[in-house]
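Peer 1: The listed protein sequences derive, respectively, from chains U and D. Just so it is clear: in the first sequence, position 38 is 38 by our numbering, and no numbers are missing. Just so it is clear: in the second sequence, position 103 is 1103 by our numbering, and no numbers are missing. Every residue, glycine too, gets a C-beta built ideally from N, C-alpha and C. Right, I'll just put the structure down here and ask away after.
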Amino acid sequence: MAHEVISNVKKVERKVTMSFWIGSMQKHIEGFKELTTYNDIVNIAAPKEVYIPLINGVSTAFEVLVKEGDRVFVNTKVAVRNDRFVVPLFSPVSGVVKGIKKMMHSSLKQVDHIVIENDELYESTNSIPRFDLENATKEEVIEFVKDSGIVGMGGAGFPTYFKYLTPATLHYVLINAVECEPYITSDYRMMENYTQDLITGFIALKKMANAQEVHIAIKKSKKTLIKYIQEAIKPYPFASIKEVDDVYPMGWERTLVYAIYKKRYDRIPCEVNVIVNNATTAIALGQAINHQQGPTHKMVTVSGNGIKNPANVFVPVGTPASHIISQLGGYTGDQITCVAGGPMMGKTMTNDAWVITPYTNAITITQTVKIDDMTCLRCGTCNDHCPAGLLPVRINNAEQAKNVDLIAQLHAELCIECGLCTYVCPSKLEVTEGVRKAKRALALKKGV
Amino acid sequence: MKFTYKVSPTMKTRQSTQQIMFLLTLGLMAVVLFSSTFYFVEYGIDYVIHLWSLLAVAVLVAVGSEVVWAYLLKKDVLAYLKTSFPWVTAIILVLMVPISTPLYPIAIGTLFAIVVAKLLFGGFGHNVFNLAGVGRTVMLFSFGASIVPDLITSATPISSIANIGWIITDPALVEPFLAQFGGITGLLLGWYPGGLGETSALLIMIIGAFLAIKNVLDWRIPVFYIGTLFALASIIAVVQGIGVWYPLYHIFAGGAMFAAVFMLTDPVTNPTSASGRIIFAIGAAIITILIRVQGNYPGGVVFSILIMNMLSPMIDRFTDGWQLALSKKYVISMVSVFVVGAILMGVVGLNMKAIVIAEPEPEVPDITLSTPISLDQSATAVKGVVLSSTTEGDFEVVLVEIRGYSVLEGGYDDALPNKIEVKINKTTLKVDSVKVVEIKDTNNIGTKVDNPKFLDQFKDVDETSSVDAVSGATVTSLSVVRAVFAALEHVKGGE
Chain U
1 MAHEVISNVK KVERKVTMSF WIGSMQKHIE GFKELTTYND IVNIAAPKEV YIPLINGVST
61 AFEVLVKEGD RVFVNTKVAV RNDRFVVPLF SPVSGVVKGI KKMMHSSLKQ VDHIVIENDE
121 LYESTNSIPR FDLENATKEE VIEFVKDSGI VGMGGAGFPT YFKYLTPATL HYVLINAVEC
181 EPYITSDYRM MENYTQDLIT GFIALKKMAN AQEVHIAIKK SKKTLIKYIQ EAIKPYPFAS
241 IKEVDDVYPM GWERTLVYAI YKKRYDRIPC EVNVIVNNAT TAIALGQAIN HQQGPTHKMV
301 TVSGNGIKNP ANVFVPVGTP ASHIISQLGG YTGDQITCVA GGPMMGKTMT NDAWVITPYT
361 NAITITQTVK IDDMTCLRCG TCNDHCPAGL LPVRINNAEQ AKNVDLIAQL HAELCIECGL
421 CTYVCPSKLE VTEGVRKAKR ALALKKGV
Chain D
1001 MKFTYKVSPT MKTRQSTQQI MFLLTLGLMA VVLFSSTFYF VEYGIDYVIH LWSLLAVAVL
1061 VAVGSEVVWA YLLKKDVLAY LKTSFPWVTA IILVLMVPIS TPLYPIAIGT LFAIVVAKLL
1121 FGGFGHNVFN LAGVGRTVML FSFGASIVPD LITSATPISS IANIGWIITD PALVEPFLAQ
1181 FGGITGLLLG WYPGGLGETS ALLIMIIGAF LAIKNVLDWR IPVFYIGTLF ALASIIAVVQ
1241 GIGVWYPLYH IFAGGAMFAA VFMLTDPVTN PTSASGRIIF AIGAAIITIL IRVQGNYPGG
1301 VVFSILIMNM LSPMIDRFTD GWQLALSKKY VISMVSVFVV GAILMGVVGL NMKAIVIAEP
1361 EPEVPDITLS TPISLDQSAT AVKGVVLSST TEGDFEVVLV EIRGYSVLEG GYDDALPNKI
1421 EVKINKTTLK VDSVKVVEIK DTNNIGTKVD NPKFLDQFKD VDETSSVDAV SGATVTSLSV
1481 VRAVFAALEH VKGGE
């Protein structure tokens, strides 16, 4: 209680110093991270069949490199995205390709998946070459990153190499280890367990960016991790830790870059000479360099009051969520809400048959609680907290009035759907969903 | 296994509107307790009972009318009340009226606020005007006389300063004026009668800080409202050359602090953006002070709230857009609104004049004159006794004691003579003026002679003249004439 008051006072101060005419644009939210920070990581073996989803971002343009009946190995390149980005996908197991099956993906879309029957031999192939980072040029690193299938592991899945093709001068590589979503601790546990790969990863990223410094952003509240990483990066004077407040959505690039560098940018952080990568992205890159291993396995936080034994699990990509959940003792109730990702930005799933992708970081399972909403009291709390500086309640009103011109004036398209407006709403209204509807109405009109 | 689908985010803060309203009610009840303590200590239990009766009536009317409304609309009554919070309006309304308010005006004020200003507008969240503000205004216009402070709980800080034109320029008058309420510290503490919950600025500030920390209200509104009020009053103070007590008086006296914390912050009726709320608060402060120093009503707080409520949708529309891109627009408009207010205040301040309240002229009863009395004949029976005689230049001032009605005819045991002072011109030996020093005759009858209509007759009379007696007070009139005659005799004899 006393602590809460103190932290609230601090928040008021920050509001004053930040921008008293816009609001705090962020909020401390309960993390529930203790559920999975300290217990053992559960290694989950691949099930009888794994399913590799042929989707990256919104694109399903993939060239499948294997055919039914082919024998594949761990790290065999099975498909590659072939539109304007190149993103290869690797097999996490050895076995036989059973064909292609349409299944629901963690984005709720029906997507083609390559089905591989696991022979449980885990024979491996070296489709990722040995890489001499020390003597490589910037271009060679970018090429390596492209061939290793490294994408934004924080959830976005955006091809990492592409970000580094920017002509902008970059001063800092910012490693985003904020992990601001409640429940999720997978980044924390990855950094703890794969510290050397993290270091290799950020050295490679620094080389790609031609940057002078590497900054690792960690929440102030993660004291043990900060201490540990500080010790580990001592031999690298160009790397340092930037401690940030325990607020949501500190992990969003814009919020993070503003918190550390006090700079706002228009489209991408490169405009202010910063490039941001998730810590697990750096680790995945480090693993590719150090162990010639593609992004075939993933640390996933399975947490919430809907799962019997919350834990971080280390699983092969392509494992169905149901398999993981049954390994952790199953659900705790008859009515649960299952989210692919964290409770704020994750997608609520309609079943648990979807599979883990390289960029899945969490499964959040909570017991369903019915919360009654009530009339908006126009308190404007959503407006004060929107990290994008939008006016969610006004966008909702405009959407209800079907006033698309007003929606355009309110710049609904800038919304990243972080969910904070719904979170803070004391009347328990689905504010974010209203903004989503407004965005769709706006996109429809722009399309016409 | 059932997977329930709910759009993300699936996590919500624990704070609810119910919780916000609960904390707000708690804050208001703290004010009620302070007020109860004050009236108990200073005036006794009867006053506390009346306070709680007011509260009970207001809450009953508010809740009752919503129950009937929900019943008529065939809604679940309990569920309706849980999302409507009618008692908050009732408590705020009670805290704005003085203790002398009878029960029926508060009932009608509450009824109007709830039914007309709230339910007919669509219920909670849809009202345009601050509900308690509407109730208070209705009471002010409909029952003005019955809700002004009574004799015991008379002069409030606001009515006192309003009576003298909202300014005191004479430094000597400031201290005794402020002393009525225990000085500025007294105003801050609020241990004086006034609007039931409006007096203690300090208590309200503490509750406000607590509610702001608890995210029940936005700190911007009280801070910018009180800040602007202080700044604008300071401008008047500087222009008029008066002390810092003046802006402090503006923020501590009357309903300003109460409104800043409990009424302007009503989220339903203020703008939804942070910048909008700041503009709203600055605007309300300007209107408050303008009505105070320029309007006919003693206080401007409630009217400023209602006027700004009307502008809320417009302000919302004005601040619409991408906030990050509009910072400059926001800051410029806040500053502009303030500057306009400051200029207005400079002009108003220059033209403000302290109203000097003259001691009211004592009322002079009308008298009629009747029978003439000639001076020389008057003194045949009763003679005046000269008590003293002093020379003042050309004049001799003679104090005469003369038996009047009470001695001669009254028959009282302790009857005393009257005393009259006569001023006589020593050269002409004529009377210049006559002054009644003491009339011991019957009050309101004998005392009638102390009237210029009677006394002025003596100008330039001598022993041969005659003057008309006051009808109904002939004997006392006669005593005055006798005294004048005695004085004339004395001056003449003294030569």
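1. Residues of chain D with a CB under 8 Å from the CB of E430/U: which are they?
2. DSSP on M299/U, reduced to helix/strand/coil?
3. Go through its chain and collect everything with a Cβ distance to V1174/D's Cβ below 8 Å, but skip five positions before and after it.
4. Between which two residues does the alpha helix (DSSP H) carrying E143/U extend?
5. Suppose contacts are defined by Cβ-Cβ distances below 8 Å. Is I1373/D in contact with V1484/D by that definition?
6. Any beta carbon of chain D sitting closer than 8 Å to that of L410/U?
7. Please check the pair L205/U and A282/U, which I expect to be a contact at CB under 8 Å, by giving their CB distance rounded to whole angstroms.
8. Is the CB of V1331/D under 8 Å away from at least one CB in chain U?
9. Taking only beta-carbon positions, decide if W21/U is within less than 8 Å of chain D.
10. What number of angstroms, rounded off, separates the C-alpha of S1333/D from the C-alpha of V1116/D?
11. Can you pull the chain D residues whose beta carbon is under 9 Å from the beta carbon of Q26/U, in chain order?
12. If contact means a Cβ-Cβ distance below 7 Å, which residues of the segment 100–122 of chain U contact chain D?
13. Taking 8 Å as the cut-off, does the segment 376–394 of chain U touch the segment 1265–1276 of chain D (at least 3 CB pairs, one atom from each stretch)?
14. So, does the CB of I371/U fall closer than 8 Å to a CB anywhere in chain D?
15. Could one say the Cβ of R394/U lies closer than 8 Å to chain D's Cβ atoms, at least one of them?
16. List, in order along the chain, the chain D residues whose C-beta lies closer than 9 Å to that of M344/U?
17. Report all residues from its chain with a CB closer than 8 Å to the CB of G251/U; omit the five preceding and five following residues, and keep chain order.
18. What runs of the beta strand (DSSP E), each 3 residues or longer, lie entirely inside the segment 1344–1402 of chain D?
19. Is the Cβ of S1016/D closer than 8 Å to any Cβ of chain U?
20. Would you please verify whether the beta carbon of V274/U is less than 8 Å from any beta carbon of chain D?
21. Going by alpha carbons, who is nearest to V1397/D out of L1408/D, V1382/D, V1436/D and E1409/D?
22. Report the rounded CA-to-CA distance for V272/U versus A217/U, giving the unit in angstroms.
23. From the DSSP secondary-structure annotation, give me the bridge partner or partners of A239/U.
24. Taking only beta carbons into account, state which residues of the segment 330–341 of chain U come closer than 7 Å to chain D, listed in chain order.
25. By how many angstroms is the C-alpha of P1176/D removed from the C-alpha of L1151/D?
26. Which residue wins for smallest C-alpha separation from L442/U, given the options E430/U, K428/U, E399/U and G419/U?
27. By DSSP, does Q110/U sit in helix, in strand, or in coil?
28. Indicate the three-state DSSP secondary structure (helix, strand or coil) for S1159/D in the structure shown.
29. Assign L174/U to one of three DSSP states: helix, strand, or coil.
30. Out of E1421/D, T1476/D, K1423/D and V1385/D, state which residue places its alpha-carbon closest to the alpha-carbon of G1504/D.
31. Check whether the Cβ atoms of I365/U and I336/U lie closer than 8 Å to each other.
32. Would you mind stating whether A1473/D and V1449/D have Cβ atoms separated by less than 8 Å?
33. What is the rounded straight-line gap between the Cα of K437/U and the Cα of L1095/D?
34. Are the C-beta atoms of L328/U and some chain D residue less than 8 Å apart?
35. By the three-class DSSP mapping on this structure, what secondary structure does V1461/D have?
36. Run through the DSSP bridge pairs and tell me what D70/U is partnered with.
Peer 2: In short, the structure shows the following:
1. Position 430 of the first sequence holds residue 430/U. Going along chain D in sequence order, the residues near E430/U (Cβ under 8 Å) are V1007.
2. For the purposes of this step, residue 299/U is taken as residue 299 along the first sequence, with counting starting at 1. Strand.
3. Taking the first residue of the second sequence as 1, we reach residue 1174/D at position 174. Answer for V1174/D: I1168, I1242, G1243 and W1245, listed in chain order.
4. Position 143 of the first sequence, counted from the start, is the residue given in the question as residue 143/U. Unbroken alpha helix (DSSP H) run through E143/U: K138 to D147.
5. Start at 1 with the first residue of the second sequence, and residue 1373/D comes out as number 373. Start at 1 with the first residue of the second sequence, and residue 1484/D comes out as number 484. Cβ atoms of I1373/D and V1484/D: not closer than 8 Å.
6. For this step, residue 410/U is matched to residue 410 along the first sequence. At least one chain D Cβ lies under 8 Å of L410/U.
7. Here residue 205/U corresponds to residue number 205 of the first sequence, with the count starting at 1. Here residue 282/U corresponds to residue number 282 of the first sequence, with the count starting at 1. Confirmed, about 6 Å.
8. For the purposes of this step, residue 1331/D is identified with residue 331 of the second sequence, where counting begins at 1. Closer than 8 Å: yes.
9. Here the question's residue 21/U lines up with position 21 in the first sequence. Yes, W21/U counts as interfacial toward chain D.
10. Residue numbering aside, residue 1333/D sits at position 333 when the second sequence is read from its first letter. Residue numbering aside, residue 1116/D sits at position 116 when the second sequence is read from its first letter. Each residue's alpha carbon lies about 34 Å from the other.
11. Along the first sequence, read from residue 1 onward, the residue named residue 26/U stands at position 26. Here the premise fails: no neighbours, minimum Cβ distance about 13 Å.
12. none
13. yes
14. Stepping through the first sequence from its first residue, residue 371/U is reached at position 371. By this cut-off, I371/U is an interface position.
15. Looking up residue 394/U in the first sequence gives position 394. Closer than 8 Å to some Cβ of chain D, the Cβ of R394/U qualifies, so yes.
16. Residue numbering aside, residue 344/U sits at position 344 when the first sequence is read from its first letter. Chain D residues near M344/U: S1008, P1009, T1010 and M1011.
17. Taking the first residue of the first sequence as 1, we reach residue 251/U at position 251. Closer than 8 Å at Cβ, skipping near neighbours: G154, N176, V178, E179, C180 and E181.
18. Counting only runs of 3 or more, we get 1369–1374, 1385–1392 and 1395–1402.
19. Translated into the one-based positions of the second sequence, residue 1016/D becomes position 16. It does: the Cβ of S1016/D has a partner Cβ on chain U nearer than 8 Å.
20. The residue you call residue 274/U lines up with position 274 of the first sequence. Cβ-Cβ to chain D under 8 Å: no for V274/U.
21. Taking the first residue of the second sequence as position 1, residue 1397/D is located at position 397. Ranking L1408/D, V1382/D, V1436/D and E1409/D by Cα distance to V1397/D puts V1436/D first.
22. As a first step, residue 272/U is located in the first sequence; it is residue number 272 there, counting from the start. As a first step, residue 217/U is located in the first sequence; it is residue number 217 there, counting from the start. Those two C-alpha atoms are separated by around 17 Å.
23. As a first step, residue 239/U is located in the first sequence; it is residue number 239 there, counting from the start. A239/U is bridged to V214/U.
24. Y331, D334, Q335, I336, T337, C338 and V339
25. As a first step, residue 1151/D must be located in the second sequence, where it is residue number 151. As a first step, residue 1176/D must be located in the second sequence, where it is residue number 176. Interpretation of L1151/D is limited by its pLDDT of 46, a score under 50 that renders its predicted location unreliable; the figure taken from the coordinates is listed afterwards. So the two alpha carbons sit approximately 20 Å from each other.
26. Translated into positions along the first sequence, residue 442/U becomes position 442. It is E399/U whose Cα lies nearest to the Cα of L442/U.
27. The residue given as residue 110/U occupies position 110 in the first sequence. Correct three-state label for Q110/U: strand.
28. Position 159 of the second sequence, counted from the first residue, corresponds to residue 1159/D. Here S1159/D sits in helix by DSSP.
29. The sequence position of residue 174/U within the first sequence is 174, counting from 1. L174/U falls in the strand class under three-state DSSP.
30. For chain D, the structure presents residues 1001 to 1495; residue 1504/D sits outside this window and is missing.
31. Residue 365/U sits at position 365 when you count from the first residue of the first sequence. Residue 336/U sits at position 336 when you count from the first residue of the first sequence. Yes, they are a contact pair.
32. By 1-based counting over the second sequence, the position of residue 1473/D is 473. By 1-based counting over the second sequence, the position of residue 1449/D is 449. Yes, they are a contact pair.
33. Within the first sequence, the letter at position 437 stands for residue 437/U. Within the second sequence, the letter at position 95 stands for residue 1095/D. The straight-line gap from Cα to Cα measures roughly 44 Å.
34. Residue numbering aside, residue 328/U sits at position 328 when the first sequence is read from its first letter. Closer than 8 Å: no.
35. Counting from one through the second sequence, the residue named residue 1461/D turns up at place 461. If DSSP states are grouped into helix, strand and coil, V1461/D belongs with coil.
36. As a first step, residue 70/U is located in the first sequence; it is residue number 70 there, counting from the start. Looking at the DSSP assignment, D70/U forms no beta bridge with any residue, so it has no partner.
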